[in-house]
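Trainee:
Numbering (our numbering), first residue to last: 13 to 133.
#1: Beta carbon of residue 67, beta carbon of residue 40: below 8 Å?
#2: Please list the segments of the beta strand (DSSP E) lying wholly inside the region 30 to 115, counting only runs of 3 or more residues, in order along the chain.
#3: Would you mind reading off the limits of the alpha helix (DSSP H) that contains residue 122?
#4: Could you check if residue 76 is buried or exposed, using at least 16 other CB atoms within 10 Å of its CB as the buried criterion?
#5: Between the C-alpha atoms of residue 85 and residue 116, what's the straight-line distance to the nearest angstrom?
#6: Taking all protein chains shown into account, decide if residue 55 is buried (16 or more other Cβ within 10 angstroms of its Cβ) or exposed.
#7: Going by the CB atoms, is the gap between residue 42 and residue 53 shorter than 8 Å?
#8: Here's the rule I'm using: 16 or more other beta-carbon atoms within 10 Å means buried, otherwise exposed. How should residue 25 be labelled?
#9: Determine the direct distance from the alpha carbon of residue 101 to that of residue 121, and round the result to whole angstroms.
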């Protein structure tokens, strides 16, 4: 797993988003055990407390859970993962439509343009 950060958003929020994407994209499989907090922090080059905060947030979202002596695991709830995936896709799509609107494309023109780019010429 590779982490990238910008200076505009708190690191732990970026960690949550990047780990969430790894889960909803299947890069981390349902039921898979996560590396230790210390190992994840080393990998991301962040303080372990920052990683802990991000993992607590993912646990609140129910995307991961803790087994007391075994560590942290990705949820096995495929429906929940799909809901987050659709929500993320909606957010990305809305951002894209807004960007296209800012250069003069309405929603219908944007869809037609995407069809054109996709080969429906």
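Quick reminder that beta carbons are idealized off the backbone N, C-alpha and C, glycines included.
Mentor: The structure says:
#1: Numbered from 1 along the chain shown, position 55 holds the residue referred to as residue 67. Numbered from 1 along the chain shown, position 28 holds the residue referred to as residue 40. No. Outside cutoff.
#2: 76 to 79 and 83 to 86
#3: Residue 122 sits at position 110 when you count from the first residue of the chain shown. That run of the alpha helix (DSSP H) goes 119 to 129.
#4: Taking the first residue of the chain shown as position 1, residue 76 is located at position 64. Buried: at least 16 other Cβ atoms inside 10 Å.
#5: In the chain shown, the residue the question calls residue 85 occupies position 73. In the chain shown, the residue the question calls residue 116 occupies position 104. So the two alpha carbons sit approximately 45 Å from each other.
#6: Walking along the chain shown from the start, residue 55 turns up at place 43. The residue in question, residue 55, is exposed, as its Cβ has fewer than 16 Cβ neighbours within 10 Å.
#7: Here residue 53 is taken as the residue at index 41 of the chain shown, counted from 1. Here residue 42 is taken as the residue at index 30 of the chain shown, counted from 1. No, they are not a contact pair.
#8: Here residue 25 is taken as the residue at index 13 of the chain shown, counted from 1. So residue 25 ends up on the exposed side.
#9: The sequence position of residue 121 within the chain shown is 109, counting from 1. The sequence position of residue 101 within the chain shown is 89, counting from 1. Taking the straight line joining both Cα atoms gives about 20 Å.
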